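Trainee: Got a structure for you, questions after.
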Amino acid sequence: MSWTDERVEMLKKMWSEGQSASQIAKELGGVTRNAVIGKVHRLGLSNRAGAAPAPAAAAAPAPEPKPKAEAKPAKEQPRPMREATPPPAAPAAAPEEVANDPDPAPQPLRKQIIPAGQPLPPQPSANEISPEALAKVSAIEKKAKRLTLMELTERTCKWPVGDPATPDFWFCGLPVQQGKPYCEAHVGVAFQPMSSRRDRRR
DNA sequence: CCCTGATTCGC
DNA sequence: GCGAATCAGG
Numbered sequence: 001m002s003w004t005d006e007r008v009e010m011l012k013k014m015w016s017e018g019q020s021a022s023q024i025a026k027e028l029g030g031v032t033r034n035a036v037i038g039k040v041h042r043l044g045l046s047n048r049a050g051a052a053p054a055p056a057a058a059a060a061p062a063p064e065p066k067p068k069a070e071a072k073p074a075k076e077q078p079r080p081m082r083e084a085t086p087p088p089a090a091p092a093a094a095p096e097e098v099a100n101d102p103d104p105a106p107q108p109l110r111k112q113i114i115p116a117g118q119p120l121p122p123q124p125s126a127n128e129i130s131p132e133a134l135a136k137v138s139a140i141e142k143k144a145k146r147l148t149l150m151e152l153t154e155r156t157c158k159w160p161v162g163d164p165a166t167p168d169f170w171f172c173g174l175p176v177q178q179g180k181p182y183c184e185a186h187v188g189v190a191f192q193p194m195s196s197r198r199d200r201r202r
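In the UniProt record's numbering, the protein residues as written are 1 to 202.
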């Protein structure tokens, strides 16, 4: 496989979406995550900030104030030292994960009211699960990998989200908790209580 | 152990 | 340019 225009584009897209190299590799097929990472670096978009939202503007996705020469102030450390001097002269506040959030997927809200009638997935209905666990789950859904059925692996959380009969149905996909089929958050809510069932003693 | 991205270096 | 091997870390 070679890096055709299409493939590179896919790569750029997914990378800017925050997909991991391995996921991108799987999506593209024919390449390993190493290949993806290598390409990413060669393309010079190792920095995920290259999201370059600006849907209408943006002709210069390279806000590199490249005066003229002198593009490499610090060539290379003579020794493979890992950050010998961390001078992050962060002027304002640490722009940790700032990068605006254009929210490419304009999904207003996760409708809670789904057309009744059809059986819903395991969904943690309002049973007797600790509100905290529920909150944790809904919070985790924001970070979910949103995998499709085929993308699930032995180690991706298989918790279904949404209505299977709906376009936005996906699986959590976060790393499972050793052995379990779900991620930590979902394990917590999956292994139900059975609290009031201790009378079955024998 | 599983995973992540980063780097190196022979091809 | 490419990417496997390796590295460094979570």
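Beta carbons are placed, not taken as given, at the ideal position from N, Cα and C, and that holds for glycine. Note that this is a predicted model, so its numbers are computed, not measured.
Give me the Cβ distance between Ile140 and Ala190, rounded to the nearest whole Å; I'm assuming they're in contact under 8 Å.
Mentor: Contact flag wrong, Cβ pair sits at about 12 Å.
Trainee: Can you tell me whether DSSP reads Ser196 as helix, strand or coil?
Mentor: Per-residue confidence for Ser196 stands at a pLDDT of 49, beneath the threshold of 50, marking its modelled position as unreliable; the derived number appears in the next sentence. Helix at Ser196.
Trainee: Taking Gly173 and Leu147 to be in contact with their CB atoms under 8 Å, please state how far apart those CB atoms are, rounded to whole angstroms.
Mentor: The C-beta separation of Gly173 from Leu147 comes to about 4 Å, placing the pair in contact by the 8 Å criterion.
Trainee: CB-CB under 8 Å to Lys26, same chain, minus the five flanking residues each way: which ones, in chain order?
Mentor: Glu151
Trainee: Rounded to a whole number of angstroms, what is the C-alpha to C-alpha distance between Ser22 and His41?
Mentor: 15 Å
Trainee: Give the straight-line distance between the Cα atoms of Phe169 and Cys157, rounded to the nearest whole angstrom.
Mentor: 14 Å
Trainee: Give every residue of the same chain whose Cβ lies closer than 8 Å to the Cβ of residue 280, excluding the five residues on either side of it in the sequence, and list them in chain order.
Mentor: What is shown of the chain runs 1 to 202, which leaves residue 280 out entirely.
Trainee: So Gly188 is in the alpha helix (DSSP H); what residue range does that whole segment cover?
Mentor: Glu184 to Ala190
Trainee: Assuming Gly44 is part of the alpha helix (DSSP H), what are its boundary residues?
Mentor: Membership of Gly44 in any alpha helix (DSSP H) is not indicated, and neither H nor E is assigned to it by DSSP.
Trainee: Do the CB positions of Gly179 and Ala133 come within less than 8 Å of each other?
Mentor: no
Trainee: Rounded to the nearest angstrom, what separates Asp5 and Gly18 at their Cα positions?
Mentor: 20 Å
Trainee: Secondary structure at Val36, three-state DSSP: helix, strand or coil?
Mentor: helix
Trainee: Could you give the DSSP three-state label for Thr4: helix, strand or coil?
Mentor: coil
Trainee: So the alpha helix (DSSP H) Gln23 belongs to, where does it begin and stop?
Mentor: Ala21 to Leu28
Trainee: Using only the alpha-carbon positions, how far apart do Tyr182 and Leu45 sit?
Mentor: 32 Å
Trainee: Do Met1 and Val36 have their beta-carbon atoms positioned less than 8 Å apart in this structure?
Mentor: Against a cut-off of 8 Å, the Cβ pair of Met1 and Val36 comes out as no contact.
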